[in-house]
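Numbering (the working numbering), first residue to last: 1 to 189. Even glycine gets a Cβ: it sits at the ideal position worked out from N, Cα and C. What you are looking at is a predicted structure, and each value in this text was computed from that prediction instead of being measured. Notes to accompany the following structure.
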């Protein structure tokens, strides 16, 4: 009789662990869906990214290196806005390295269909399509992918990644308290 009770306890223990694991997987799936459901995709013309054939030929030997344009946009969802932050994320699969290069938004560049202008205006004139064309044309790149985030989305990304820790000295506290109060009263956070 005692052997049967021991097997039942083990079976119940295994079932409880299994249910906990399934619950965790389910919770992760729901969370992942809620995050990825907010990602909006944009159709771009991959044949019209301003990639020079000579540049593409030169860079074809680096097939395990991929450049992705990252745009921090000053508009709310649905608006175009300017790209106030422009970076190039380089994934180097050969050396297992990731590089992030910041491009100055006020760089004076040629924008297709326009004259010379600030780089961040390309996004305002034609969205990610024109911004990638402008990067490719002016910097001899072969960028085919991008990600854009507005600043409210950036706040959420920073929070998900654990926030930003700031160290403040005693001398800075009175000044920061005034600044933080004015920001908090404005955003109600």
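Take every Cβ of the segment 101-119, pair it with every Cβ of the segment 8-22, and state whether three or more of those distances are shorter than 8 Å.
no
So within the segment 58-95, which uninterrupted beta strand (DSSP E) runs reach at least 3 residues, ignoring any that extend past its ends?
65-73, 83-92
When the distance is taken between beta carbons, is residue 130 closer than 7 Å to residue 67?
Your numbering for residue 67 matches position 67 in the chain shown. Your numbering for residue 130 matches position 130 in the chain shown. Result no, Cβ atoms of residue 67 and residue 130 do not sit closer than 7 Å.
Flag this pair as touching only if the segment 49-56 and the segment 120-140 have three or more C-beta atom pairs under 8 Å; answer yes or no.
yes
Using the beta-carbon count (16 or more within 10 Å), is residue 189 buried or exposed?
Numbered from 1 along the chain shown, position 189 holds the residue referred to as residue 189. With a pLDDT of only 46 at residue 189, under 50, the local geometry of the prediction cannot be trusted, and the value read off the model is given with reservation. Flag for residue 189 reads exposed.
How about residue 124 and residue 146: are their beta carbons less than 7 Å apart?
Position 124 of the chain shown, counted from the start, is the residue given in the question as residue 124. Position 146 of the chain shown, counted from the start, is the residue given in the question as residue 146. Not a contact, by the Cβ cut-off of 7 Å.
Spatial neighbours of residue 112 within its chain, please: C-beta separation below 6 Å, excluding the five flanking residues on both sides.
For this step, residue 112 is matched to residue 112 along the chain shown. These residues qualify, in order along the chain: 133.
Residues in the same chain with beta-carbon distance under 8 Å from residue 116, minus the five sequence neighbours each way, listed in chain order, please.
To locate residue 116, count along the chain shown from 1; it is residue 116. Closer than 8 Å at Cβ, skipping near neighbours: 108, 109, 110.
Measuring alpha carbon to alpha carbon, tell me which residue in 5, 167, 59, 92 is nearest residue 136.
As a working note, residue 136 is residue 136 in the chain shown. Selected option, being the one with the closest Cα: 59.
With 16 other CB atoms within 10 Å as the buried threshold, where does residue 49 fall?
By one-based count along the chain shown, residue 49 stands at place 49. Buried is the call here.
Under the three-state reduction of DSSP, which class applies to residue 169: helix, strand or coil?
Locating residue 169 in the chain shown gives position 169, where the first residue counts as 1. In the structure shown, residue 169 sits in coil (DSSP, three-state: anything other than H, G, I, E or B).
Let me check one thing: in DSSP terms, what residues is residue 110 bridge-paired to?
Counting from 1 along the chain shown, the entry for residue 110 is found at position 110. BP columns for residue 110 point to 116.
Contact defined as beta carbons within less than 8 Å: I believe residue 105 pairs with residue 86. What is the distance between those atoms, to the nearest angstrom?
On the chain shown, position 105 is the one that residue 105 refers to. On the chain shown, position 86 is the one that residue 86 refers to. At roughly 6 Å, the Cβ-Cβ gap stays under 8 Å, so residue 105 and residue 86 are in contact.
Are residue 71 and residue 83 touching if we call contact CB-CB under 7 Å?
Mapped onto the chain shown, residue 71 falls at position 71. Mapped onto the chain shown, residue 83 falls at position 83. For residue 71 and residue 83, yes; Cβs fall inside 7 Å.
Where residue 45 sits in the DSSP three-state scheme
By 1-based counting over the chain shown, the position of residue 45 is 45. In this structure, residue 45 counts as coil in the three-state DSSP scheme.
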